[in-house]
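Position one of the sequence shown corresponds to residue -1 (our numbering), numbered consecutively onward.
Positions of the beta carbon are idealized from the N, C-alpha and C atoms, including for glycine.
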Amino acid sequence: MKIPFLFLTALLLTGEAVFAKDKVIERSGKQPAWVNTMMTPDYIISVADAATIGEAQQKALLLVKQEIVRGIAEQVMSSSILSRQEMDVETTESYTQNIIAKAVKVPFVQGISANQMEAVYWEKIRRDKQMEFYRYYVKYPFSKAQMNNLTAEFKKEDFKITQRLEELENGLSQIESVEQICMAAAELDKLFKTLDDPRKDRAMLLYSRCRELVALIYITQINNERGHIEYQLSIGDKLILCTQTPKVKSECASITKIKVGDVCSVDYFFDGCYLDMENFIEISYHFGYKTLKHKFLIPHKHYTDSTE
């Protein structure tokens, strides 16, 4: 497989001018043919200069990784409907960089190492009789089939993000609990911060929808009698569950029991409450970026038993 190296093209075009005053003073052996051609089917050929052999080798391996990553990005972008239909030049470039950043983390790319190099060749060079450095060549096995497999795997993982966005969007149309909204919001916030393509806007819209849903939650009273309150959480005319135990307080009553479920309830003693004052039980929930509060009036008509 012939894999282009733009940076090497520039190097080769200007080679005569750059290397005119370079002198090879030491070499690892006879220069192999692949060093001259810089292209061999099913291999990546890279070259790097550095002050030491070890540093030059590491730079050459880094160039191998970069070439594979670029290859993945180019194939993904060439087959991306998004890049052709929904992106301007600036967004396309940003999306490409995002793909490159993700491709760097692909296990195969992470696993590129010196023990997988098929052949190497190095030269020690003196330039202008003043400086010396090493030029290190690497012949690394990497076929077209491997590139296709890596690209397919990358696209498969990337498509999972699109699928997940669809799942979250469908889930928000069938909300059953407050926790479902909050978990979706946290996941969408993370996706929004990592995406760099039109899906970023979709994630942001869904995240905003989560916030809107939380803002619409209110408490519906079911029963309010002496020492006992029953209520439910609602969004519009739809009841919604919440496993969170609310904070309950009162200036005069003593809270004895809090129950959460389909119907939430609060039990309390009201002996410390005065008849000539309006007294309340305040219930509050904190949903990350929203605090929901509701006050239940303690009924006066039930105080007679406690004041006889």
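Secondary structure of leucine 214 (DSSP, three-state): coil. Non-local C-beta neighbours of phenylalanine 190 in its own chain, meaning closer than 8 Å and more than five positions away in sequence, comprise Lys198, Ala201, Met202, Tyr205, ordered along the chain. Counting other Cβ atoms within 10 Å of its Cβ, valine 212 reaches 16 or more and is therefore classed as buried. Where valine 264 is concerned, there is no enclosing alpha helix (DSSP H), although the beta strand (DSSP E) around it starts and stops at 262 to 267.
Three or more beta-carbon pairs drawn from the stretch 97 to 105 and the stretch 56 to 68 are found closer than 8 Å, and the two stretches are therefore classed as touching. When secondary structure is reduced to three states using DSSP, glutamine 242 falls in the coil class, being assigned neither helix nor strand. Under the three-state reduction of DSSP output, serine 206 falls in the helix class.
Here serine 141 is exposed. Its C-beta has fewer than 16 other C-beta atoms within 10 Å. Around the beta carbon of proline 297, fewer than 16 other beta carbons sit within 10 angstroms, so the residue counts as exposed. Counting along the chain, isoleucine 159 sits inside no beta strand (DSSP E); it lies in the alpha helix (DSSP H) bounded by residues 142 to 170. When only Cα atoms are considered, alanine 183 and isoleucine 227 end up about 31 Å apart. Contact between the stretch 148 to 165 and the stretch 49 to 63 is not established, with fewer than three Cβ pairs separated by less than 8 Å. By the neighbour-count criterion, in which a residue is buried when 16 or more other Cβ atoms sit within 10 angstroms of its Cβ, serine 171 is exposed.
The alpha-carbon of isoleucine 215 is positioned some 26 Å away from that of alanine 251.
Distance from the CA of leucine 166 to the CA of leucine 60, rounded to the nearest whole angstrom, comes to 38 Å. The C-beta distance from valine 264 to isoleucine 281 rounds to 7 Å, short enough to fall under 8 Å. Under the three-pair Cβ rule at 8 Å, the stretch 236 to 248 counts as touching the stretch 277 to 291. Going by C-alpha positions, glutamine 219 is about 12 Å away from leucine 237. Contact between aspartate 194 and serine 92 holds, since their C-beta atoms are separated by about 5 Å, short of 8 Å. Between glycine 225 and tyrosine 272, the CB-CB gap reaches or exceeds 7 Å.
Here glutamine 55 is buried. Its C-beta has 16 or more other C-beta atoms within 10 Å. For lysine 127, the closest alpha carbon among the candidates Leu290, Val22, Thr289 is that of Val22. Sequence-distant partners of valine 33 (beyond 5 residues in either direction) whose C-beta falls short of 6 Å from its own C-beta, in its chain, are Tyr119, Tyr135.
Judged by their CB atoms, valine 62 and isoleucine 110 are nearer to each other than the 7 Å cut-off.
Looking only at Ser44, Lys293, Lys28, the smallest Cα-Cα distance to tyrosine 229 is reached by Lys293.
Counting along the chain, the unbroken beta strand (DSSP E) around arginine 125 starts and ends at 117 to 125.
As the crow flies, the alpha-carbon of glutamate 223 is around 32 Å from that of glutamine 178.
The Cβ neighbour count for glutamate 121, taken over all protein chains shown within 10 Å, is at least 16; the residue is labelled buried. Your pair aspartate 20 and isoleucine 123 checks out as a contact, with CB atoms roughly 5 Å apart and the cut at 8 Å. Within the model, the alpha-carbon separation for phenylalanine 285 versus leucine 239 is close to 13 Å. For threonine 254, the enclosing beta strand (DSSP E) stretches over residues 252 to 257.
Counted as a single uninterrupted DSSP element, the stretch harbouring isoleucine 281 is not any alpha helix (DSSP H) but the beta strand (DSSP E) occupying residues 278 to 284. Nearest neighbour of asparagine 221 by Cα position, chosen from Glu185, Val261, Gly234, turns out to be Val261.
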